[in-house]
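Here's the structure we're looking at; comments come further down.
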Amino acid sequence: MEKRLYNATKNGDKNELLCLLHEDAQLLDRFTKARYPETRLHIAAMLGHSEFVDELLIRMPELAKELDSRRRSALHLAVGKGHGQIVIRLLQVNPDMCLICDIDGRNPLHVAAMKGHLAVLRELFHVRPWAARSPMAQGDTILHACLLVTEGISDEEFVNRLNNEGNTITKHSQRDEFAKDESLSDTIRSKILVSTQEPDQSNAILEARRSNVDWLKRKRHNLILVASLLADMAFHATVNPPGGVWHDNDPSHRAGHSVFADTYPNTYTQFLMSNTFGFMASLIVIQLLISGLTIRRKLFKRVLIAVMSVAIAAMGFAYAVSLVPLTSDPAYSWLFIRFWTIFMILLFTARAVRQMIKIFKFVGNLIMRFIN
C-alpha cells in the first residue's frame, strides 16, 4: 500500500490516489507521521502535480503545515521549482506558511528571490508582504537573496552595461533611491544626483584593483608559458650559438669555441649580452609569478609588463644580431637591428609619455583640490 501511494504521488496519478483512499480511508493519516522525512504533499508539490496536490489539500488541508527534515513546507518546494499554480493553491489553504523559515532561515519569499521566480514572488508578496522583511540566517535580507540571482550571470559586460543616460543598474538604483527620498531638500538631492553621474572614486579604486587581480589570473598561465619559451630560446642560443662551434683545435681557434665569437667578436658580445638579458628577464618573470609575493597588484602588474617587455626586446635584438654570421650581406642584419631598435624606442617612449600624462593629471587634480 505504501509503495502504491508513493508511485501514485511520484506520477501524479489522481485516480490511483482515489482508489487507494477508497480501500483505506485512513491512508494519508498513517503515512503523514514523523517517521517519514516528507509528506506526499511535499513530493507532489515539488514535482508539479497540481491536480494531485488539490486532491490532497481537499482531504487533508493540514498537510500544508507539515515540514520535512529540513523544516521546509510544501510551499517552499513548490516555490523553489516555480510551480505557480500549486503555490496559489497552497496560499489559499494557509497563507501564513509564507512566514515559516526552513533550517537555513529562509521563508518562501527568500527562496523565490534566490531562484529568480518573479511571478511566484509577486503572489507571495501580495498575500504576506511583511514576510519580505524577515531576515535570513546571518542577518541577510531578501535583497541579499536577490543578489544571488546575478551569480549565475558570468558576463560582466552584460551586468555593467550602460543605459542611455550612461548609468549601470547599480548607479541607476542609487539615483532612484535619492530621487524618492523626501527627507532631502531639493538642493541636496540635486547635488547627490549630479554626483552619482560622475565616477565614484572609491568604486573606481576597487574596480581598478579588481581589474588588476583579474588580469593576473587571466594572464598568469600565458605569461609563464611565454617566459618559459623565451628562456628556452635564450638557453639554446647560448649553448648552440649561430654559426656553430669549432670541432678541432687549431692555432687560431680551439674545439668547442664559438665560430661567431672568433669571426665577429664585437657583434658576438652584443649577441651574448642581449641573449643574457632576455634569459634573465624571463627567469625573473617566472619567479615572480610562482613566488606568490604579497605586493601591490597594480605595481606587480607593471613590473611584470616591464620585465616581459625587456625580455622580448632583448630576444628580438639577439635574433637580429645572430643574423650577421648567417647572411652573406651583414647590411640586411644591421637594417633589421635598426628597425627593431627604433620600434622599441618608440614603444617605450609612448608608454613613458602615457605615464607622464597620468602624473600631470594627478598633480593637476591635487592642485585643484587644494585651491578649492
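Each residue of the sequence shown is one higher than the one before, starting from 1 at the first, in the UniProt record's numbering. Where a beta carbon is used, it is the ideal one built from N, C-alpha and C, also for glycine. Small disclaimer: the values here were computed from a predicted structure and weren't measured.
Checklist entry - Whole-angstrom Cβ separation of residue 337 and residue 317, contact assumed at under 8 angstroms? => result Locating residue 337 in the sequence shown gives position 337, counting from the first residue. Locating residue 317 in the sequence shown gives position 317, counting from the first residue. With a Cβ gap of about 7 angstroms, residue 337 and residue 317 count as contacting.
| query | Residue range of the alpha helix (DSSP H) that residue 114 falls in? | reply | What you label residue 114 is simply residue 114 of the sequence shown in a count that begins at 1. Run containing residue 114: 108-115, per the alpha helix (DSSP H) assignment.
- Task: Could you give the DSSP three-state label for residue 134: helix, strand or coil?
- Result: Walking along the sequence shown from the start, residue 134 turns up at place 134. Correct three-state label for residue 134: coil.
So, is residue 221 buried or exposed, given that buried needs 16 or more other C-beta atoms within 10 angstroms? Taking the sequence shown and counting its residues from 1, the one referred to as residue 221 is at position 221. With fewer than 16 other Cβ atoms within 10 Å, it is exposed.
Checklist entry - Expressed to the nearest angstrom, what Euclidean distance is found between the alpha-carbon atoms of residue 51 and residue 122? => result What you label residue 51 is simply residue 51 of the sequence shown in a count that begins at 1. What you label residue 122 is simply residue 122 of the sequence shown in a count that begins at 1. Spanning the two alpha carbons is a distance of roughly 23 angstroms.
#### Entry: Validate contact between the region 315-332 and the region 275-287 using beta carbons, cut 8 angstroms, 3 pairs
yes
- request: Consult DSSP for residue 322 and reduce its assignment to one of helix, strand or coil.
  value: Here residue 322 corresponds to residue number 322 of the sequence shown, with the count starting at 1. Reduced to three states, the DSSP call for residue 322 is helix.
Margin query: The alpha helix (DSSP H) that contains residue 364, what's its start and end?
Written below: As a first step, residue 364 is located in the sequence shown; it is residue number 364 there, counting from the start. Its alpha helix (DSSP H) spans residues 330-371.
Review point. Can at least three beta-carbon pairs, one atom from the region 67-86 and one from the region 108-116, be found at a separation below 8 angstroms?
Key: yes
Q.
If you follow the alpha helix (DSSP H) that residue 72 is in, where does it begin and where does it stop?
A. Mapped onto the sequence shown, residue 72 falls at position 72. Counting along the chain, residue 72 falls outside any alpha helix (DSSP H), and DSSP gives it neither H nor E.
Margin query: Can you tell me where the alpha helix (DSSP H) holding residue 54 begins and where it ends?
Written below: As a first step, residue 54 must be located in the sequence shown, where it is residue number 54. 50-59 is the extent of the alpha helix (DSSP H) around residue 54.
- Task: Quick one: give me the first and last residue of the alpha helix (DSSP H) that residue 283 is part of.
- Result: Translated into the one-based positions of the sequence shown, residue 283 becomes position 283. Element bounds for residue 283: 265-291.
Can you check whether the CB of residue 95 is closer than 7 angstroms to the CB of residue 133? Here residue 133 refers to the residue found at position 133 when the sequence shown is read from its first residue. Here residue 95 refers to the residue found at position 95 when the sequence shown is read from its first residue. Cβ atoms of residue 133 and residue 95: not closer than 7 angstroms.
How about residue 86 and residue 53: are their beta carbons less than 7 angstroms apart?
-> The residue you call residue 86 lines up with position 86 of the sequence shown. The residue you call residue 53 lines up with position 53 of the sequence shown. Closer than 7 angstroms, so yes.
**OP:** Please state whether DSSP places residue 104 in a helix, a strand or coil.
**Re:** As a working note, residue 104 is residue 104 in the sequence shown. Three-state DSSP puts residue 104 in coil, outside helix and strand.
Less than 7 angstroms between the C-beta atoms of residue 225 and residue 311, yes or no? Here the question's residue 225 lines up with position 225 in the sequence shown. Here the question's residue 311 lines up with position 311 in the sequence shown. No. Outside cutoff.
Q.
Do residue 279 and residue 268 count as a contact pair if the criterion is CB distance below 7 angstroms?
A. On the sequence shown, position 268 is the one that residue 268 refers to. On the sequence shown, position 279 is the one that residue 279 refers to. Contact flag unset, no.
**Asked** Which whole-angstrom value describes the C-beta separation of residue 60 and residue 106, a residue pair presumed to lie in contact below a C-beta threshold of 8 angstroms?
**Response** Position 60 of the sequence shown holds residue 60. Position 106 of the sequence shown holds residue 106. 25 angstroms between Cβ atoms; not a contact.
Verify the contact flag: residue 324, CB atom, against every heavy atom of the ligand COA, threshold strictly below 6 angstroms.
Judged by which ligands are present, the structure shown has none, so any question about the ligand COA falls away.
Can you tell me where the alpha helix (DSSP H) with residue 46 in it begins and where it stops? Stepping through the sequence shown from its first residue, residue 46 is reached at position 46. Where residue 46 is concerned, the enclosing alpha helix (DSSP H) stretches over 40-47.
Practice prompt. With DSSP collapsed to three states, give me the class of residue 250.
Written response: Position 250 of the sequence shown, counted from the start, is the residue given in the question as residue 250. DSSP places residue 250 in strand when its eight states are reduced to three.
*How far does the alpha helix (DSSP H) with residue 127 in it reach, from first residue to last?*
Start at 1 with the first residue of the sequence shown, and residue 127 comes out as number 127. Unbroken alpha helix (DSSP H) run through residue 127: 118-127.
Nearest to residue 315 by CA position, among 263, 248, 227 and 240, is which residue?
-> Working through the sequence shown from its first residue, we reach residue 315 at position 315. For residue 315, the nearest C-alpha among the options comes from 227.
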